[in-house]
Every structure is written in C-alpha cells, then in structure tokens.
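Below is one structure, written out as structure tokens; comments come after it.
Number of protein chains: 4
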Amino acid sequence: MKLDLDPASPVPIYLQIVEQVRRLVALGALRPGERLPTVREVAARSRVNRNTAARAYEVLEGQGIVRSRVGQGTFVSEDAPRLDPAARDGALDGALDRLIVEARSLGVPLAELEKRLARRIGAFEKEAKKESAGKEQKR
Amino acid sequence: MKLDLDPASPVPIYLQIVEQVRRLVALGALRPGERLPTVREVAARSRVNRNTAARAYEVLEGQGIVRSRVGQGTFVSEDAPRLDPAARDGALDGALDRLIVEARSLGVPLAELEKRLARRIGAFEKEAKKESAGKEQKR
Amino acid sequence: MKLDLDPASPVPIYLQIVEQVRRLVALGALRPGERLPTVREVAARSRVNRNTAARAYEVLEGQGIVRSRVGQGTFVSEDAPRLDPAARDGALDGALDRLIVEARSLGVPLAELEKRLARRIGAFEKEAKKESAGKEQKR
Amino acid sequence: MKLDLDPASPVPIYLQIVEQVRRLVALGALRPGERLPTVREVAARSRVNRNTAARAYEVLEGQGIVRSRVGQGTFVSEDAPRLDPAARDGALDGALDRLIVEARSLGVPLAELEKRLARRIGAFEKEAKKESAGKEQKR
DNA sequence: GTGGTCTAGACCACG
DNA sequence: GTGGTCTAGACCACG
Chain V
399 MKLDLDPASP VPIYLQIVEQ VRRLVALGAL RPGERLPTVR EVAARSRVNR
449 NTAARAYEVL EGQGIVRSRV GQGTFVSEDA PRLDPAARDG ALDGALDRLI
499 VEARSLGVPL AELEKRLARR IGAFEKEAKK ESAGKEQKR
Chain A
399 MKLDLDPASP VPIYLQIVEQ VRRLVALGAL RPGERLPTVR EVAARSRVNR
449 NTAARAYEVL EGQGIVRSRV GQGTFVSEDA PRLDPAARDG ALDGALDRLI
499 VEARSLGVPL AELEKRLARR IGAFEKEAKK ESAGKEQKR
Chain E
399 MKLDLDPASP VPIYLQIVEQ VRRLVALGAL RPGERLPTVR EVAARSRVNR
449 NTAARAYEVL EGQGIVRSRV GQGTFVSEDA PRLDPAARDG ALDGALDRLI
499 VEARSLGVPL AELEKRLARR IGAFEKEAKK ESAGKEQKR
Chain L
399 MKLDLDPASP VPIYLQIVEQ VRRLVALGAL RPGERLPTVR EVAARSRVNR
449 NTAARAYEVL EGQGIVRSRV GQGTFVSEDA PRLDPAARDG ALDGALDRLI
499 VEARSLGVPL AELEKRLARR IGAFEKEAKK ESAGKEQKR
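Going line by line, the protein sequences match chains V, A, E and L. Quick note on the working numbering: the first sequence kicks off at 399 and runs consecutively. Quick note on the working numbering: the second sequence kicks off at 399 and runs consecutively. Quick note on the working numbering: the third sequence kicks off at 399 and runs consecutively. Quick note on the working numbering: the fourth sequence kicks off at 399 and runs consecutively.
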C-alpha cells in the first residue's frame, strides 16, 4: 500500500492517510476482508509517528471502512456502513453544491463541469478495472 | 449581503464567509465591480469578531475574488481570477476525484452521481436567474 | 461538571469521560447549546493528560453529542444525531439481549429484571427532574 | 456446543466465547453438571487459537460458571455463582443505567424501552423452551 | 485562550 | 507481533 503524504499540506497527515485508504478501497485496490499494513509498517514507511498512523486507522474504523482486531491487524470491512438515507443525500448534495461554486469561481462553465465529471468517472472506472485485473493475477 | 453562518459547523467561520461570498459571486448576486459591505458591517450584521470578517476578506483578496482599495472599500474583481490553466484543472480534478470516492463510499452508483450533479446544476441556475432578475429590478 | 474517574478500571479513562458526559446530557444536567468545561479544565480537575480529555471530546463529537469550535470551546449539540432506524433497533436489541443474559447469569429472574428496569427508569426520571429544577433556578 | 464467533467484532474472541457459554447456561442449553467440550475441541471447531479458548474457560471458572477438574474436563457449576447480593445489585443497576442512557441518546422513549425489554424477554424464553425440549429428547 | 495535530516513548491487552 | 491507551511536551489555527 503506497501512500503519498505531504507534511506541508494544510490537511492533517492522519486525514491524508484516511483519504487515501478510502480511495484505494473505492478503487477496489483494497478489497473487503483484505488485511492492511500494520500501524507500525505505515508509520515506518511513511515516516510518521506510530500514533499518527494509528489515529488514521481509528478514524477509518469509526467510519466503518476498516475493522481492527488486536493481535491480528486491520482489515477492510466486509460491507459498506449503513447510513440514514436522508443524511446520505444531504451529505452528497452539500458536496455537489460546493463543487458547483468551486467550478464557477474557477471560471469553468457548468456544462463543462458535467463533462469533466463524466471523464473523471471514466478514468476512475478504468483504474478500478486495472486494479481488479492485478488482483486476479495475484491469485 | 446576507450571510448564513453556522457557528456550530466544523468549518471555520472565516471560511464560511469566504465560501458564501464566492457563492454569491458565482450566482451573479454580487457583480464584478460591485462594492462589498465593510468588514465592520459584516462583523456587526453577522455577529462575528471583526478579525474573523477581516480575515475572510484577506483570503478572498488572495484568491483574486475581491480587491481592496484603501479608503474606498472592497470590490468584486472585474475579471475572474486568472489561474494557471494547469493549476485550475488540477484543482478541479482533485475535487472531482474526492467527490467520486465519497459517492462510492456512500454506496451511490456513479451513474446516479452524474444525474444528481445535473439536477443540482439545474437548481443552481434557477437560483442564479432569480438573483439576476432581482438585480435588474434594483437599477 | 463533576466527573468520577477510576484509573484502575479496565474501561479506558477517555471512555469513562465519554460515558459520564453522555449521562449528564441524557439527564438534562447538560443542555443543548450549553458549553462544556474546556479540555484543559477537565484535564486539570480530573488529573489526566490534556490529550486524554481531548480524546474524550473527540469521541463525543464523532457520536454527534457535542460540537467543538476552535477558539470557542465545546458545546452540547442542538439535536440528537440521526441514525438509520434499523441500525438503531439492532443496537438496542443487542444491548437488551446482553442484559438478559447478564441477569440470568446473576440468578435474577426475568420478571424481576423488568421490575428493576422500571425502578431505575423512575430513579433516572427523578434525577432528571431535579437537574432540570436546578437549571431553572440558576436562570 | 455451537459457538457463533465473529472475528470482525470489536469484542475480543475470548469474551465472545465467555458470553455465549453464559448464554447457553442461561438458556438451559447447558445444564448444571454437564460436561463442556475440551479446550482443544473448542479451538478446533471454532478455529480459534487454543490459548484463546483456554482463556475463555479460565474467565468462566473465575466467574463461577464452570468448574475444571484436572484430568476430567470442565463442567457447568452445580449452583449459580454465589455473589454478594450488594455486588450483584450494583452490577445489575450499572447495566440498567448504561442501557437507559444509551436509549435516551438514541432517542428511544423510556416507556418504549420497557416494552422492548418485555418483547426480548419473550423471545428469550421461547428459545429457552425449545432448547429445553431438545435436551429432553436426547435423554 | 480555545481546540487540533504531532512526536517520543512507555506500558498494556489480545492471540 | 498486533492494536490500544496514556503521558509529556511542542507547535499551530481560530477568534
């Protein structure tokens, strides 16, 4: 598991780890039930404190993305966390509205925004497929 | 200029002000060249610390959204902030990727995500038209 | 806010703080919008590390019980967190089943268990009323 | 003896074993004097570490639920563990209070809580009867 | 002055 | 060896 952390970013390191693990899970690069590197490994490889790595895993567990078992390690959860549908929709619409404002401020026409989303989804699905193929081959 | 601030939000108040001013500019409710209320006015009306309002304007100026002229006030910039196109695209793609990961984590199919974006854009444009009509009438 | 912490307990200190704050909120001794003592105050009065107190508040925020605002303090949330009803029911039934087994193992007949629950609810409501009266008087 | 263990649960496996054995005893599926499977059998059937199974039995013996006789095996205790009545009541009231706070935090009215407990007790007793009938038949 | 992040380092619980 | 808790102490962001 390769993490790309920027200590100079305003985003806290532990949240950078959270975001990247979520992305790997969304891509299928990390699959349900799969074991993540240990807290100590993440800390050593990414040169952060063990507590910082542990905190990222703790947040991921709070979000239902992973499950930690003492003495065993940390694993990708088997099923997506359940969420109140209204809360889910609210969260998503909020994210969409922020995106729209961001695009307008950058001078991107909204029609183009839709096209770009379609394109990024395409890129995402392609990468997910690649990850998936890589996984199959390892079997 | 009406701001809807939520002191209970995890987003810092000065950033909420920044986001909302950007939104008003994006909507056309604040037009290029238009004068913004003074820092004191914002602070008084929104009941925030004067430093908080000042900080928000500082950030907006740094982003090229507004321009302060000593002794005259703060004005919406005449032209959209010129951003290195590569930087602009990078920022937008980053935002899109975060959105995609969020949607996947929430269990929202990516096809639905596209539809929802289209719907939110529709809502945004409707509101922008209303704001615009209001402006015309004031002339 | 008085906390009764036992460092010798198998329950981690930060979780003891979490449980007690939740109890005070449930009782109405801490009301929506009310400000909690600062992290530093809790740490000093309870003689725990500042990080430990901060962690408790962080967990409470994750549970939607309180809201923290940098520079302002920590406040009881205005409304109860929304939860998927199925998840809510599942959590409650699990708690009830554990209670039943515990009672049987202790040799408590299940009919008595019901009576005891009724009695504890009575005691809880009485204490809640007292807290409420105390609050009114302070106004 | 069939155990339903969830390695993904935050509850340690040895405690899951403890809880389930207690549950089986409470249900009457395991009767006073009855012999439990050996530590090795439990470990093999449930695919847990032998130390884990041994630890669970150790805890059960400490609680007075089972009794180990060297060279003979482990047996369900003849009589319910004698607990200082004050300690028993304290333990039960603590559990009830935690339940009440949890219900309040979830927004469950306390009157409903009483009804739900009655319902779960009904379900528990029905299952206990079934277990009991099964035992009779085996004789 | 408030909460948030991070490090260094210790000790503990579980398997 | 794994994750979890806690302390001590530093520095930062927000208001």
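Virtual Cβ for every residue (Gly too), placed ideally from N, Cα, C.
Under 7 angstroms between C-beta atoms of residue i and residue j
{"i": "R421(A)", "j": "V499(V)", "result": "yes"}
{"i": "E418(A)", "j": "L434(A)", "result": "Note on identity: in this sequence residue 418(A) is Gln, with Glu being the wrong assignment. No."}
{"i": "L508(E)", "j": "I519(L)", "result": "yes"}
{"i": "E534(A)", "j": "A427(A)", "result": "no"}
{"i": "L515(V)", "j": "L413(A)", "result": "no"}
{"i": "L458(E)", "j": "V416(E)", "result": "yes"}
{"i": "A424(V)", "j": "R502(A)", "result": "yes"}
{"i": "G460(E)", "j": "G460(V)", "result": "yes"}
DSSP state of residue i mapped onto helix, strand, coil
{"i": "L475(A)", "result": "Sequence inspection shows Ser at residue 475(A); the Leu mentioned does not correspond to that position. Coil, per DSSP."}
{"i": "L428(A)", "result": "coil"}
{"i": "L541(L)", "result": "Outside the displayed span of chain L (399 to 537) sits residue 541(L), for which this structure offers no information."}
{"i": "S466(V)", "result": "strand"}
{"i": "V409(L)", "result": "coil"}
{"i": "N447(E)", "result": "coil"}
{"i": "Q461(V)", "result": "coil"}
{"i": "G520(A)", "result": "helix"}
{"i": "L497(A)", "result": "helix"}
{"i": "P507(L)", "result": "coil"}
{"i": "L401(V)", "result": "coil"}
{"i": "L515(V)", "result": "helix"}
{"i": "D491(L)", "result": "helix"}
{"i": "L539(L)", "result": "Given a span of 399 to 537 for chain L in the structure shown, any question on residue 539(L) remains unanswerable."}
From the options, residue whose alpha carbon lies closest to that of residue i
{"i": "P405(L)", "options": "N447(L), G469(L), A489(L) and A427(L)", "result": "N447(L)"}
{"i": "F473(L)", "options": "V437(L), I519(L), R445(L) and D495(L)", "result": "V437(L)"}
{"i": "G431(L)", "options": "A516(L), E476(L) and L511(L)", "result": "E476(L)"}
{"i": "R443(V)", "options": "M399(V), V457(V), A424(V) and G471(V)", "result": "M399(V)"}
{"i": "A441(V)", "options": "P408(V), L403(V) and V506(V)", "result": "L403(V)"}
{"i": "A484(V)", "options": "A493(A), A484(A) and L504(A)", "result": "L504(A)"}
{"i": "V464(L)", "options": "E512(L), A526(L) and R429(L)", "result": "R429(L)"}
{"i": "K513(V)", "options": "G469(A), K536(A), I411(A) and L494(A)", "result": "L494(A)"}
{"i": "G471(E)", "options": "I411(E), G492(E) and E439(E)", "result": "E439(E)"}
{"i": "L511(E)", "options": "P410(L), A531(L) and G492(L)", "result": "G492(L)"}
{"i": "V409(A)", "options": "N449(E), V409(E), P410(E) and G469(E)", "result": "G469(E)"}
{"i": "V585(A)", "options": "S407(V), I411(V) and A478(V)", "result": "There is simply no residue 585(A) to check, as chain A begins at 399 and stops at 537 in what is shown."}
Output, in sequence order along the chain, the residues in the region 484-507 of chain E whose CB is closer than 8 angstroms to any CB in chain L.
R486, A489, L490, D491, A493, L494, D495, R496, L497, I498, V499, E500, A501, R502, S503, L504, G505 and V506
Scan the region 510-524 of chain L for residues whose Cβ lies nearer than 9 angstroms to a Cβ of chain E and list them as they occur along the chain. Residues L511, E512, R514, L515, A516, R517, R518, I519, A521, F522 and E523.
Practice task
Please confirm if the region 485-496 of chain V is in contact with the region 448-458 of chain V, defined as three or more CB-CB distances below 8 angstroms between the two stretches.
Solution key: no
Discussion item. Closer than 7 angstroms between beta carbons: that is the criterion. Which residues of the region 428-462 of chain V meet it against chain E?
Written reply: G460
- Task: Output, in sequence order along the chain, the residues in the region 406-425 of chain V whose CB is closer than 9 angstroms to any CB in chain A.
- Result: E417, R420, R421, V423, A424 and L425
* Asked: In the region 466-478 of chain E, which residues sit with their C-beta less than 9 angstroms from some C-beta in chain V, listed in chain order?
  -> none
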